[in-house]
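Undergrad:
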Amino acid sequence: MRSLRLFPLVFSLAAVPSTVISARAMTVQDYPVRTPATAGDEEYDDRYERERREQRRKDQEAQHDNSACETGCVEHEGLQTRGIPDTPLVAVIHEATRDDGVLTLRLRFYNDGVEPARLTIDPTSDSEPFFVQVGPEKLFILTDEDGELDAKEPLEVDLKPGQMESWWAKFPAPAADTKTFDLEIPPIATFTNVPIVDD
1 MRSLRLFPLV FSLAAVPSTV ISARAMTVQD YPVRTPATAG DEEYDDRYER
51 ERREQRRKDQ EAQHDNSACE TGCVEHEGLQ TRGIPDTPLV AVIHEATRDD
101 GVLTLRLRFY NDGVEPARLT IDPTSDSEPF FVQVGPEKLF ILTDEDGELD
151 AKEPLEVDLK PGQMESWWAK FPAPAADTKT FDLEIPPIAT FTNVPIVDD
C-alpha cells in the first residue's frame, strides 16, 4: 500500500521539469544566430542587424509606452517627445519643416533627472543608420558635395540636470501629399506619425 501512495507524488514530480521546459521553449524568440559559417556574410549580417533593431524598438516601445521617461517627462515644447531608455534624457522633435525638396528636423535633448547623463547621438554609425520612414520607403540624411552628412556633428556630451542640447539634420522631403513620417534615431525609441510643416 505504501508504494501505491507514493506513486502519485513521484509521478507529479517527474512531470514538473517537462512543464517548465515546454513553457520556456514557447518564450524563445526566433533570432538569427551568428555562427562561424555565417561570419562575413553581408546579406546575413544585414538581416541580423535589421531584426535586432526591430526587436529593440519593439522592446523599447513596450517598456516605455512609446514615449515615457523613466522618471516622468517634464512637458517640453515640440511636436513629439521620447524618453531615451535607461536614462533621464528626453528627446523632442522641435521642428519638422519641408521646403524645396528638403525635410529639416531640429531636435532638442533635455536632462530631466537629478544627475548628469551622457548623451550620444552619432548619425555616422553604419550599424544603426538614422532615417525618416514613410510607408516602406526609408529616406536617409542628405550629403553635401564633399560626401559629408548634412547634419550637425555627432554629439557626445554630459548633460547636467536641466541642461539642453540641440541637434539637426536634413533629409530628402517626402512627397507633397505626405503629412506625417516616422523617425529612427538610435538609441531613441521610434518617433511615429510626426506631422510635417510646409514652409
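If you count the sequence shown from 1, position 82 lands on 82 in the working numbering, and the numbers rise without skipping.
The beta-carbon is built from N, C-alpha and C at its ideal position, and this holds for glycine as well.
According to the Cβ coordinates, are leucine 89 and alanine 96 closer than 7 Å?
TA: For the purposes of this step, residue 89 is identified with residue 89 of the sequence shown, where counting begins at 1. For the purposes of this step, residue 96 is identified with residue 96 of the sequence shown, where counting begins at 1. Cβ atoms of leucine 89 and alanine 96: not closer than 7 Å.
Undergrad: Are the segment 131-143 and the segment 107-122 touching by the rule of at least three beta carbon pairs closer than 8 Å?
TA: Contact between the segment 131-143 and the segment 107-122 is absent, because fewer than three Cβ pairs lie under 8 Å.
Undergrad: Go ahead and pull the three-state DSSP assignment for glutamate 145.
TA: Here residue 145 refers to the residue found at position 145 when the sequence shown is read from its first residue. Three-state result, glutamate 145: coil.
Undergrad: For alanine 176, is the classification buried or exposed, using 16 other Cβ atoms within 10 angstroms of its Cβ as the cut-off for buried?
TA: Counting from one through the sequence shown, the residue named residue 176 turns up at place 176. Exposed, since its Cβ has fewer than 16 Cβ neighbours within 10 Å.
Undergrad: I need the straight-line Cα distance from serine 219 to proline 186, nearest angstrom please.
TA: No information on residue 219 is available, as it lies outside the stretch 1 to 199 that the chain covers here.
Undergrad: Give the secondary structure of glutamate 95 by DSSP, where H, G and I count as helix, E and B as strand, and everything else as coil.
TA: Here residue 95 corresponds to residue number 95 of the sequence shown, with the count starting at 1. Of the three classes helix, strand and coil, the one that applies to glutamate 95 here is strand, per DSSP.
Undergrad: With distances taken Cα to Cα, identify the nearest neighbour of aspartate 199 among Glu148, Ser166, Gly101.
TA: As a working mapping, residue 199 is identified with position 199 in the sequence shown. When only C-alpha atoms are compared, the closest one is Gly101.
Undergrad: Between alanine 169 and proline 123, how many whole angstroms is the CB-CB distance? I'm expecting something under 8 Å.
TA: As a first step, residue 169 is located in the sequence shown; it is residue number 169 there, counting from the start. As a first step, residue 123 is located in the sequence shown; it is residue number 123 there, counting from the start. Alanine 169 to proline 123, Cβ: 6 Å. Contact.
Undergrad: Just the Cα atoms here: how many angstroms apart are aspartate 178 and aspartate 144?
TA: Counting from 1 along the sequence shown, the entry for residue 178 is found at position 178. Counting from 1 along the sequence shown, the entry for residue 144 is found at position 144. For clarity, residue 178 is threonine in the given sequence; the question names aspartate instead. Using only the alpha carbons, I get a separation of about 25 Å.
Undergrad: Does DSSP put glutamate 51 in a helix, in a strand, or in coil?
TA: Indexing the sequence shown from 1 puts residue 51 at position 51. Here glutamate 51 sits in helix by DSSP.
Undergrad: So, under 8 Å CB-CB, valine 197 and leucine 183 are touching, yes? Tell me the CB distance rounded to an integer number of Å.
TA: For the purposes of this step, residue 197 is taken as residue 197 along the sequence shown, with counting starting at 1. For the purposes of this step, residue 183 is taken as residue 183 along the sequence shown, with counting starting at 1. Actually they are not in contact, since the Cβ atoms of valine 197 and leucine 183 sit about 14 Å apart, beyond 8 Å.
Undergrad: State the Cα-Cα distance for the pair threonine 192 and glycine 135, rounded to the nearest angstrom.
TA: For the purposes of this step, residue 192 is taken as residue 192 along the sequence shown, with counting starting at 1. For the purposes of this step, residue 135 is taken as residue 135 along the sequence shown, with counting starting at 1. The alpha-carbon atoms of threonine 192 and glycine 135 are separated by roughly 11 Å.
Undergrad: Skipping 5 residues on each side, what residues in its chain have a beta carbon closer than 8 Å to that of leucine 149?
TA: Counted from its first residue, the sequence shown places residue 149 at position 149. Same-chain partners within the cutoff: Pro123, Thr124, Ile141, Leu142, Thr143, Ala169.
Undergrad: Among the residues of its own chain, which have a CB less than 7 Å from the CB of leucine 155, if the five just before and after it don't count?
TA: Within the sequence shown, numbered from 1, the residue matching residue 155 stands at position 155. Counting only Cβ-Cβ distances below 7 Å, and skipping sequence neighbours, we find Leu119, Thr120, Ile121, Glu165, Trp167.
Undergrad: Hey, how far is the Cα of aspartate 158 from the Cα of aspartate 146?
TA: Against the sequence shown, residue 158 aligns to sequence position 158. Against the sequence shown, residue 146 aligns to sequence position 146. When rounded, the distance between both Cα atoms is 30 Å.
Undergrad: What does DSSP give as the partner residues of glycine 83 in its beta bridges?
TA: Along the sequence shown, read from residue 1 onward, the residue named residue 83 stands at position 83. Paired residues: Val90.
Undergrad: DSSP three-state call for isoleucine 185: helix, strand or coil?
TA: Mapped onto the sequence shown, residue 185 falls at position 185. Reduced to three states, the DSSP call for isoleucine 185 is coil.
Undergrad: Just to confirm the assignment, what range does the beta strand (DSSP E) spanning glutamine 133 have?
TA: In the sequence shown, residue 133 corresponds to position 133, counting from 1. Element bounds for glutamine 133: 131-134.
Undergrad: For threonine 180, which residues of its own chain have a beta-carbon under 7 Å away from its beta-carbon, when the five flanking residues on both sides are left out?
TA: On the sequence shown, residue 180 is found 180 positions in, with the first residue counted as 1. Within the same chain, threonine 180 has close Cβ partners Asn193, Val194, Pro195, Ile196.
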